[in-house]
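Asker: Protein sequence lines correspond, in order, to chains A and B.
Quick note: the first sequence, position 60, residue 60 per our numbering, numbers continuous.
Quick note: the second sequence, position 145, residue 1145 per our numbering, numbers continuous.
Dropping a structure here in structure tokens format, bear with me for questions.
There are 2 protein chains.
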Amino acid sequence: MKYFVTGGAGFIGSNIVDILLQCPDAEVVAFDNFCSGKMAYIEHHLKNPRFNLVKGDILDLPALKNALEGCDFVFHFAANPDIAKSMIETDLDLRLGIIATYNVVEAMRCRNVKKIVYSSGSGVYGDVGLIRTPEHFGPLLPISMYGASKLGAEGVISAFCGMFGVQSWIFRFANVVGKRQTHGVGFDFIQKLKKDATHLDILGDGTQSKSYVHVSDVIAAILFCVDKCHDQVNVFNVATEDYVSVAEIAEIVVRKMGLRNVEFCYSGGDRGWKGDVPKVRFDLTKIHKLGWSAEHTARSALELSVEQLLEDLS
Amino acid sequence: MKYFVTGGAGFIGSNIVDILLQCPDAEVVAFDNFCSGKMAYIEHHLKNPRFNLVKGDILDLPALKNALEGCDFVFHFAANPDIAKSMIETDLDLRLGIIATYNVVEAMRCRNVKKIVYSSGSGVYGDVGLIRTPEHFGPLLPISMYGASKLGAEGVISAFCGMFGVQSWIFRFANVVGKRQTHGVGFDFIQKLKKDATHLDILGDGTQSKSYVHVSDVIAAILFCVDKCHDQVNVFNVATEDYVSVAEIAEIVVRKMGLRNVEFCYSGGDRGWKGDVPKVRFDLTKIHKLGWSAEHTARSALELSVEQLLEDLS
């Protein structure tokens, strides 16, 4: 089996490349523009004859078609990692989310590749407070271009399934954390405290609370569902059952860094930025019934990810 | 109030221009590239000082921004009218649906225009058989790029509502029929029978059945909901309570054209083309409870529209 991983040098992408290459029959093509992906995340595979790295831009359709030749299965993880940036650059998620995803499925059509895993997210559900959203929740009214790009990309993938016989597994992930994280609240806190260990600027009032799922659980969920589910379009929430607040994450980071007397300075308001959804709750009945649940709680996933990030930085 | 109508020389767009200009205070800017729109649909307004026609491409963002200056309210009706064409030109609905809609709301953001009506459609619901879909139905798994483009455009509009304080009214229309129709099954049948009155090629097996809503009802529903509903994002199904099959439409057209002994030649299969949804059913509880329902049944809307189309052609 020959796998194609967009964002293959990025956070989730490089982690799945590691897992896929453990299978002795697997070949992997990692496609990345190294905007947020890093060579350090994949360089240990460069000498592996079953691994091929293609530096390329996902908005370059001919390059994508070229790289996809002979592949059987696509993991599409490339995306804009900076959610808040679309307030200034409003077409960022349109291009790197929806148009990029169209390019991926169009290249698949041209190369007769029929299977795709897509990393969607909770942003499709919009701001619905404490409602535990199941996969069939509606109406889907995203409040950010990040959310809109996930919804639009899901739609485009679903259309190619209907029109051209593609089979898809769409995962609406909670916030993913872990080794090689390139963004996220814990990641940001570490960067800030490395610069100044006396105080920490925190966006919002700290009460925003969400699920954080470890990247190892994300990959386990993907492989589990691809193995078990064979509908034309398969949609799953992937999250933990517990939720952690931003203030608690700040405390975890401070404790793991061995700091004391850090002053927390909240910017105020119920959310981190315009378009941020302050409370995110998932209904996980579908994937639990299928037999999968996360190994790590949100709290333990965050603790582990902070440890791993600090290790990478040391 | 100064209105901006994209696709203003098209089917629904030109009909709403007529209605809006009946109000003595209204000014209207019609924006159209005349790909499917026609000068004949708006030329009766050209001497009206309250009417302004801008020939322009919705994919040309600077032109759109220019034209939108000083407007208060957008009716966004421009779209690709040829749904089946995306099987060949797969990016057509991406460009004319999602990217075009992004351009509209981005131009609105730049010009500080805060209100938009958008014509979405049943395609967002995908192929769910005889389920009567309410507005909160999910998961939304479109089977065509037409459906995906409507879903993606809804998401982009919703995101701009969340991020930039836009207010939107999103209408998921059944098949719209009536005066100045530029496409659709009844329209196609008339064209075919004008060429050859002895036989009629019909896509599918004729059992496809859908709701057909008259453009006058569509405009009444829009004006009713904009007046009554003031959420940030307002989503409504607009359809009739009855459903008409393609075979019945063929009979209506033949009868209205005064033809006899026309041989119906079905291409076979349960649908007209890949991506066509053969049975479409709406749950209309939301708009009915609000106090609106269609004046015309699907059957009478079709009969009226065939009469109007034949009148235009004579």
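All residues carry an ideal CB built from backbone N, CA and C; glycine is no exception.
1. Between B:R1315 and B:G1204, which are expected to be in contact by the criterion C-beta below 8 Å, what is the C-beta distance as a whole number of angstroms?
2. Report the rounded CA-to-CA distance for A:S119 versus A:E251, giving the unit in angstroms.
3. Please classify A:Q208 as buried or exposed, where buried requires at least 16 neighbouring CB atoms within 10 angstroms.
4. Please list, in chain order, the chain A residues whose beta carbon lies closer than 8 Å to that of B:A1148.
5. Please list, in chain order, the chain A residues whose beta carbon lies closer than 7 Å to that of B:Y1102.
6. At 3 residues or longer, and completely inside the region 1058-1143 of chain B: list those beta strand (DSSP E) runs for me, N to C.
7. Throw me the rounded Cβ distance for the A:G13 and A:A26 pair, which I believe falls under 8 Å.
8. Would you call the CB atoms of B:A1319 and B:L1064 closer than 7 Å?
9. Rounded to the nearest angstrom, what separates A:R172 and A:S122 at their Cα positions?
10. Check whether the Cβ of B:S1122 lies closer than 7 Å to any Cβ atom in chain A.
11. Can you list, in chain order, the residues of its chain with a C-beta nearer than 8 Å to that of B:F1137? Leave out the 5 residues immediately preceding and following it.
12. Would you mind reading off the limits of the beta strand (DSSP E) that contains A:D32?
13. Starting from B:L1223, follow the alpha helix (DSSP H) in both directions and report where the run begins and ends.
14. Quick one: which chain B residues come within Cβ less than 7 Å of A:H136?
15. Taking all protein chains shown into account, decide if A:F34 is buried (16 or more other Cβ within 10 angstroms of its Cβ) or exposed.
16. Classify A:K228: buried if its beta carbon has 16 or more other beta carbons within 10 angstroms, exposed otherwise.
17. Does A:V235 get closer than 7 Å to chain B when you measure Cβ to Cβ?
18. Give the interface partners of A:R109 over in chain B, defined as CB-CB distance under 9 Å, in chain order.
19. What's the call for B:A1040, buried or exposed, on a 16-neighbour Cβ count within 10 Å?
20. Would you mind telling me which residues of chain A sit closer than 7 Å to B:K1274, beta carbon to beta carbon, in chain order?
21. Is it right to say A:D93 is buried, meaning 16 or more other beta carbons lie within 10 angstroms of its own, or is it exposed?
22. I'd like to know whether the C-beta of A:I131 is nearer than 7 Å to at least one C-beta of chain B.
23. For B:Y1146 versus B:I1083, is the C-beta spacing smaller than 7 Å?
24. Are the beta-carbon atoms of B:I1170 and B:V1235 separated by less than 7 Å?
25. Nearest CA to the CA of B:D1072: which residue from B:V1233, B:S1211 and B:R1109?
26. In three-state DSSP terms, what is B:T1006?
27. Any idea what DSSP makes of A:S211, helix, strand or coil?
28. Applying the 10 Å Cβ sphere with the 16-neighbour rule, what's the burial state of A:L151?
29. Looking only at its chain, what residues have a beta carbon closer than 8 Å to the beta carbon of B:Y1003, apart from the 5 residues adjacent to it on each side?
30. Between which two residues does the alpha helix (DSSP H) harbouring A:E251 extend?
31. Contact criterion: CB-CB distance below 7 Å. Does B:A1257 meet it with respect to chain A?
32. Starting from B:M1001, find everything on chain A with Cβ-Cβ shorter than 8 Å and list it in chain order.
33. Pop quiz: B:T1198 and B:V1253 are said to be a contact at Cβ under 8 Å. What is the actual Cβ separation, rounded to whole angstroms?
34. Does the Cβ of B:S1305 have 16 or more other Cβ atoms within 10 Å, making it buried, or fewer, making it exposed?
35. Name, please, each residue of chain A whose Cβ falls closer than 8 Å to the Cβ of B:P1142.
Answerer: Judging by the given coordinates:
1. The question about residue 1315 of chain B has no answer here: the residues shown for chain B are numbered 1001 through 1314.
2. Counting from one through the first sequence, the residue named residue 119 of chain A turns up at place 119. Counting from one through the first sequence, the residue named residue 251 of chain A turns up at place 251. The C-alpha of A:S119 lies about 29 Å from the C-alpha of A:E251.
3. Looking up residue 208 of chain A in the first sequence gives position 208. With a 10 Å radius around the Cβ and a threshold of 16 neighbouring Cβ atoms, A:Q208 comes out buried.
4. Stepping through the second sequence from its first residue, residue 1148 of chain B is reached at position 148. Contact of B:A1148 with chain A by beta-carbon distance below 8 Å involves G152, G155, V156, S158 and A159.
5. Mapped onto the second sequence, residue 1102 of chain B falls at position 102. Within 7 Å Cβ-Cβ: D91 and L94.
6. Within the region 1058-1143 of chain B, the complete beta strand (DSSP E) runs of at least 3 residues are 1073-1076 and 1115-1121.
7. Working through the first sequence from its first residue, we reach residue 13 of chain A at position 13. Working through the first sequence from its first residue, we reach residue 26 of chain A at position 26. Cβ-Cβ separation between A:G13 and A:A26: approximately 15 Å, too far for a contact (criterion under 8 Å).
8. Any question about residue 1319 of chain B goes unanswered here, given that chain B covers just 1001 to 1314.
9. Taking the first residue of the first sequence as position 1, residue 172 of chain A is located at position 172. Taking the first residue of the first sequence as position 1, residue 122 of chain A is located at position 122. Going by the C-alpha atoms only, they are around 6 Å apart.
10. For the purposes of this step, residue 1122 of chain B is taken as residue 122 along the second sequence, with counting starting at 1. Among the CB atoms of chain A, none fall inside 7 Å of the CB of B:S1122.
11. In the second sequence, counting from the first residue as 1, residue 1137 of chain B sits at position 137. Leaving aside the five residues that flank B:F1137 on each side, the residues in its chain whose CB is nearer than 8 Å to its CB run, in chain order, Y1125, V1128, I1131 and D1283.
12. Translated into the one-based positions of the first sequence, residue 32 of chain A becomes position 32. Where A:D32 is concerned, the enclosing beta strand (DSSP E) stretches over E27 to D32.
13. Position 223 of the second sequence, counting from 1, holds the residue named residue 1223 of chain B. Counting along the chain, the alpha helix (DSSP H) containing B:L1223 begins and ends at V1215 to K1228.
14. Position 136 of the first sequence, counting from 1, holds the residue named residue 136 of chain A. Identification of chain B residues near A:H136 by a Cβ-Cβ cut-off of 7 Å yields G1138 and P1139, ordered along the chain.
15. Within the first sequence, the letter at position 34 stands for residue 34 of chain A. The residue is exposed, with fewer than 16 neighbouring Cβ atoms inside 10 Å.
16. Along the first sequence, one-based indexing puts residue 228 of chain A at 228. Result: exposed.
17. Taking the first sequence and counting its residues from 1, one reaches residue 235 of chain A at position 235. True, the Cβ-Cβ gap to chain B drops below 7 Å.
18. Counting from one through the first sequence, the residue named residue 109 of chain A turns up at place 109. Listed along chain B are T1090, each with a C-beta nearer than 9 Å to that of A:R109.
19. Counted from its first residue, the second sequence places residue 1040 of chain B at position 40. Exposed is the call here.
20. The residue labelled residue 1274 of chain B in the question sits at position 274 within the second sequence. The answer, in chain order, is M163.
21. Here residue 93 of chain A is taken as the residue at index 93 of the first sequence, counted from 1. The C-beta of A:D93 has 16 or more other C-beta atoms within 10 Å across all chains shown, which makes the residue buried.
22. The residue given as residue 131 of chain A occupies position 131 in the first sequence. Chain B, which has no Cβ nearer than 7 Å to the Cβ of A:I131, makes this no.
23. Taking the first residue of the second sequence as 1, we reach residue 1146 of chain B at position 146. Taking the first residue of the second sequence as 1, we reach residue 1083 of chain B at position 83. B:I1083 is positioned such that its CB atom lies closer than 7 Å to that of B:Y1146.
24. In the second sequence, residue 1170 of chain B corresponds to position 170, counting from 1. In the second sequence, residue 1235 of chain B corresponds to position 235, counting from 1. Yes, these two residues count as a Cβ contact at 7 Å.
25. Residue numbering aside, residue 1072 of chain B sits at position 72 when the second sequence is read from its first letter. The shortest C-alpha to C-alpha distance from B:D1072 to any of B:V1233, B:S1211 and B:R1109 is the one to B:R1109.
26. For this step, residue 1006 of chain B is matched to residue 6 along the second sequence. DSSP places B:T1006 within a strand segment (E or B) once states are collapsed to three.
27. On the first sequence, position 211 is the one that residue 211 of chain A refers to. It is coil, neither helix nor strand.
28. As a first step, residue 151 of chain A is located in the first sequence; it is residue number 151 there, counting from the start. Buried: at least 16 other Cβ atoms inside 10 Å.
29. Translated into positions along the second sequence, residue 1003 of chain B becomes position 3. Once the five neighbours on either side are set aside, the close Cβ partners of B:Y1003 are L1020, A1026, E1027, V1028, V1029, C1071, D1072, F1073, V1074 and F1075.
30. One-based indexing of the first sequence puts residue 251 of chain A at position 251. According to the DSSP assignment, A:E251 belongs to the alpha helix (DSSP H) that extends over V246 to K256.
31. Mapped onto the second sequence, residue 1257 of chain B falls at position 257. Sequence check: residue 1257 of chain B is Met here, not Ala. Judged by the 7 Å Cβ criterion, B:M1257 is not in contact with chain A.
32. Residue numbering aside, residue 1001 of chain B sits at position 1 when the second sequence is read from its first letter. At a beta-carbon threshold of 8 Å, none of the residues of chain A lie near B:M1001; the nearest stands roughly 26 Å away.
33. In the second sequence, counting from the first residue as 1, residue 1198 of chain B sits at position 198. In the second sequence, counting from the first residue as 1, residue 1253 of chain B sits at position 253. Under the criterion of beta carbons closer than 8 Å, B:T1198 and B:V1253 do not qualify as touching, at roughly 14 Å.
34. Your numbering for residue 1305 of chain B matches position 305 in the second sequence. By the 10 Å Cβ count, B:S1305 comes out buried.
35. Position 142 of the second sequence holds residue 1142 of chain B. For the C-beta of B:P1142, the chain A residues within less than 8 Å are, from N- to C-terminus, G155, S158, A159 and G162.
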